[in-house]
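Q: One structure follows; several queries about it will come next.
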Amino acid sequence: MPSDQPHQQYIQKFIKMTGVRVLGNTGPKKAVKAAASSGKSARYYPADDVAQPKHSRAKKHNAPKIRGSFTPGTVCILLSGRFRGKRVVCLKALESGLLLVTGPYKINGVPLRRVNQAYVIGTSTKVDVSKVDVSKIDDAYFARVASDSTEGEEEFFANDEAKPAVVSDQRKADQKKVDAAILKAVDATPLMKNYLGSKFSLKKHDRPHKMVF
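If you're matching positions, the sequence shown starts at 434 in this note's numbering and goes up one per residue.
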């Protein structure tokens with residue numbers, strides 16, 4: 434039978450060169466336990482790299498830059514969501530980088546909502562919103578309220594109709610206040626009410642890249 438002496442000599446030479454010592458043949462758990470008792474670092478290392486979160490030096494991540502075409506009073510076109518194709522009035526840019534817009538609700542049914550500027554087209558049409566007060570509306574205004582009702586397993590799997598969204602009285606009052614101020618400026622401009630009430634759409638031979646909004 435071949436002797437194990439060359440193999441043992443190779444191991445001793447490797448330990449002497451690297452300083453790594455194998456703690457028995459019982460696996461990584463015993464190796465970690467032995468390292469903890471001896472106070473030395475563990476000799477077991479995972480075979481795969483352990484993902485570590487990357488450190489960010491930025492203390493505060495700034496909101497995305499708002500495009501220059503989105504100013505208070507700009508008429509915009511929504512490109513996604515349940516109101517896609519509708520024209521809305523931009524009221525201001527929020528700290529999160531989202532745009533605060535409204536239809537107004539009385540004209541086209543779009544309430545006060547936040548939209549991402551990536552899915553909005555800014556037009557050259559303007560509406561005077563200098564008398565519209567939206568200073569109290571911020572990102573926290575749109576925070577969702579946790580529901581108090583607890584659903585059991587039977588209620589969860591029951592084929593009930595979807596519950597309608599409940600709009601608070603505060604939201605309704607704020608919407609009426611904003612709409613009243615915008616409607617005064619809209620009525621002062623001829624055909625502006627019809628323009629906001631119409632939907633934007635493309636036909637077969639339309640060329641969007643040549644359009645001027």
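Here a beta-carbon is modelled for each residue, glycine too, at the ideal position from N, C-alpha and C.
Remember, it's a predicted structure, so these values are computed and weren't measured experimentally.
Can you have a look at Lys498 and say buried or exposed, based on whether 16 or more other CB atoms are within 10 angstroms of its CB?
A: Lys498 should be labelled exposed.
Q: In the DSSP assignment, find the unbroken alpha helix (DSSP H) run with Ile499 in it and report its ends.
A: Here Ile499 belongs to no alpha helix (DSSP H), and DSSP marks it neither H nor E.
Q: Roughly how many whole angstroms lie between the Cα atoms of Leu456 and Asp481?
A: With a pLDDT of only 48 at Leu456, under the threshold of 50, the placement of this residue in the model should not be trusted; the figure read from the coordinates follows. Whole-angstrom Cα-Cα distance: 20 Å.
Q: When the Cα of Thr556 is compared with those of Arg500, Lys539, Ser529 and Ile540, which residue comes out closest?
A: For the residues Arg500, Lys539, Ser529 and Ile540, the minimum Cα distance to Thr556 belongs to Arg500.
Q: CB Lys519 to CB Val543, shorter than 8 Å?
A: For Lys519 and Val543, yes; Cβs fall inside 8 Å.
Q: Is the Cβ-Cβ distance between Leu629 and Val645 less than 8 Å?
A: Not a contact, by the Cβ cut-off of 8 Å.
Q: Sort Gly530, Arg546, Leu527 and Pro623 by Cα distance to Gly514 and report the nearest one.
A: Comparing Cα positions, the closest option is Arg546.
Q: Below 7 Å CB to CB, which residues in the same chain sit around Gln608 once its five sequence neighbours on both sides are set aside?
A: Correct list, in chain order: Tyr538, Pro544 and Leu545.
Q: Is it the case that the Cβ atoms of Val560 and Ile615 are separated by a distance below 8 Å?
A: In this structure, Ile615 lies closer than 8 Å to Val560 by Cβ.
Q: Tell me Val548's beta-bridge partners as DSSP assigns them.
A: Answer is Leu532, bridged to Val548.
Q: Less than 8 Å between the CB atoms is what I'm expecting for Phe633 and Ile540, so what's the real figure, rounded?
A: So it is not a contact: roughly 15 Å between Cβ atoms.
Q: Where does Leu629 fall in DSSP's three states?
A: Helix.
Q: Over the uninterrupted alpha helix (DSSP H) stretch that includes Val611, give me the two end residues.
A: Unbroken alpha helix (DSSP H) run through Val611: Asp602 to Ala621.
Q: Could you tell me which of Thr535, Pro505, Ser529 and Glu528 sits nearest to Phe516, measuring between CA atoms?
A: Taking only the C-alpha atoms, the option nearest Phe516 is Thr535.
Q: Whole angstroms is fine: what's the gap from Gly506's alpha carbon to Ala484's?
A: Straight-line Cα distance between these residues: approximately 47 Å.
Q: On the three-state DSSP scale, how would you describe Lys569?
A: DSSP places Lys569 in coil when its eight states are reduced to three.
Q: In terms of DSSP beta bridges, what is Ile540 paired with?
A: Answer by DSSP bridge pairing: none, since Ile540 is not bridged.
Q: Measure how close the beta-carbons of Leu533 and Val567 come, nearest whole angstrom, since I'm counting them as under 8 Å.
A: Sure, about 6 Å apart at Cβ, within 8 Å.
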